[in-house]
Amino acid sequence: MVLFWIEAVGLAPIMGDLVIDGRLFWKLHPSKVCGVNKDGYRGVRIDPAAPKDKLRIAAFGDSSTYGLGVVVPDEVYPAKLGRILNERGLPSEVMNFGVPGYTIVQVVRLLRDRALPLRPDIATFCLGHNEGKTSRTRLADSNRRLDEAPFLRSSLARRFRSLRLWQFLRSRWLPIREVKEPSVRVPLDEFRELAAHGIELCRENGVTPVWIEYVELDPSDTLSPYVEAA
1 MVLFWIEAVG
11 LAPIMGDLVI
21 DGRLFWKLHP
31 SKVCGVNKDG
41 YRGVRIDPAA
51 PKDKLRIAAF
61 GDSSTYGLGV
71 VVPDEVYPAK
81 LGRILNERGL
91 PSEVMNFGVP
101 GYTIVQVVRL
111 LRDRALPLRP
121 DIATFCLGHN
131 EGKTSRTRLA
141 DSNRRLDEAP
151 FLRSSLARRF
161 RSLRLWQFLR
171 SRWLPIREVK
181 EPSVRVPLDE
191 FRELAAHGIE
201 LCRENGVTPV
211 WIEYVELDPS
221 DTLSPYVEAA
């Protein structure tokens, strides 16, 4: 019964339907449960080969952008943004590239590798929540590489949620450069540098960058410095 539940739904409502990835650490797996399309982002798929006759927006961020806990993809803020713009007479389409747990390290890689080829006009960024935390690897995101994981080169993990969960639990990550002490996922200085780099990437490719600031209902020492740095 437990195995059936994992295969049918798994942890999708809690953390999204994820699959391990050597470069991004993890990424969204196409999922009808979560509304993730075959190109790996949440919501209606936009055909990159179709004529570009609408304002195209790429929304980047962590679980807040993805909409963790929101079952219907149309109810998360990137989808609502597209709906509002269309209702106000500005034909628009929004791609939700939010992924639970992401930091700016992963977002800049996602922007460069997958989003820019889709020719967005605007890119929104909502980050700063995960960067000041320590991951289970106790390594900075920019200083970790995947050493091994079960079924890494097998197509089985793409088919079965239970195997993808096993991959996460048994994966091993090593430092790229030797370190003497644990690190937060993204040190503050690196966060500033990557934010500037992401903005530069956007402008070089004709994309207007927009930074969305977290509203701190409960300010914390972990989040506040990153909100201020952004």
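Residue 1 is where the sequence shown starts when you use full-length UniProt numbering, and the numbers rise one by one after that. Backbone N, C-alpha and C define an ideal beta-carbon position, used for all residues, glycine too. Quantities reported herein were computed from a predicted structural model and do not represent experimental measurements.
Put residue i into one of helix, strand or coil per three-state DSSP.
i: K80; result: helix
i: L85; result: helix
i: V198; result: For the sequence presented, residue 198 should be read as Gly rather than Val. G198: helix per DSSP, three-state reduction.
i: A229; result: helix
i: V2; result: Below a pLDDT of 50, predicted positions are generally treated as unreliable, and V2, at 43, falls in that range; no measurement from the model is reported.
i: D21; result: strand
i: L116; result: helix
i: T208; result: strand
i: N37; result: coil
i: R145; result: strand
i: S224; result: helix
i: residue 232; result: Residue numbering for the chain in the displayed model covers 1 to 230; residue 232 lies beyond these limits and cannot be assessed.
i: L139; result: coil
i: L188; result: helix
i: P175; result: strand
i: F42; result: Inspection of the sequence shows that residue 42 is occupied by Arg rather than by Phe. Of the three classes helix, strand and coil, the one that applies to R42 here is strand, per DSSP.
i: E213; result: coil
If residue i and residue j are in contact, beta carbons under 8 Å, what's the gap, nearest whole angstrom?
i: C34; j: D17; result: 5 Å
i: Y41; j: L28; result: 7 Å
i: R170; j: A149; result: 6 Å
i: G132; j: P73; result: The Cβ separation is near 28 Å, so there is no contact.
i: V108; j: L194; result: 5 Å
i: W211; j: F125; result: 5 Å
Looking at residue i: is its Cβ nearer than 8 Å to the Cβ of residue j?
i: W173; j: D147; result: yes
i: T134; j: P100; result: no
i: L201; j: L55; result: no
i: Y102; j: D39; result: no
i: A140; j: R192; result: no
i: Y214; j: G128; result: yes
i: N37; j: P48; result: no
i: R138; j: I176; result: no
i: T65; j: P78; result: yes
Hey, does residue i have any beta-carbon neighbour from chain B nearer than 8 Å?
i: G61; result: This model lacks chain B altogether, as it is built from one protein chain only.
Leaving out the 5 sequence neighbours to the left and right, which residues in its chain are closer than 6 Å to residue i when beta-carbon positions are compared?
i: A123; result: A58, C202, V207 and P209
i: L142; result: According to the sequence provided, residue 142 is Ser. The question's Leu does not apply to it. So the list reads V105, once near-sequence residues are dropped.
i: L85; result: S92
i: L152; result: none
i: V76; result: G67 and V70
i: L81; result: V94
Could you check where the beta strand (DSSP E) with residue i kicks off and where it finishes?
i: F60; result: L55 to G61
i: C126; result: I122 to C126
i: N130; result: First-last for N130: undefined, no H or E at that position.
i: S92; result: S92 to N96
Determine the extent of the alpha helix (DSSP H) in which residue i is found, giving its start and end residues.
i: F168; result: R161 to R170
i: I104; result: I104 to L110
Below 8 Å CB to CB, which residues in the same chain sit around residue i once its five sequence neighbours on both sides are set aside?
i: A115; result: A58, F60, M95, F97 and A123
i: D53; result: P91
i: P117; result: P48
i: V184; result: E131, G132, K133, T134 and A140
Apart from the five residues just before and just after residue i, which ones in its own chain have a Cβ nearer than 7 Å to its Cβ?
i: F168; result: I20
i: I199; result: P209
i: V227; result: G128, E213, Y214 and E216
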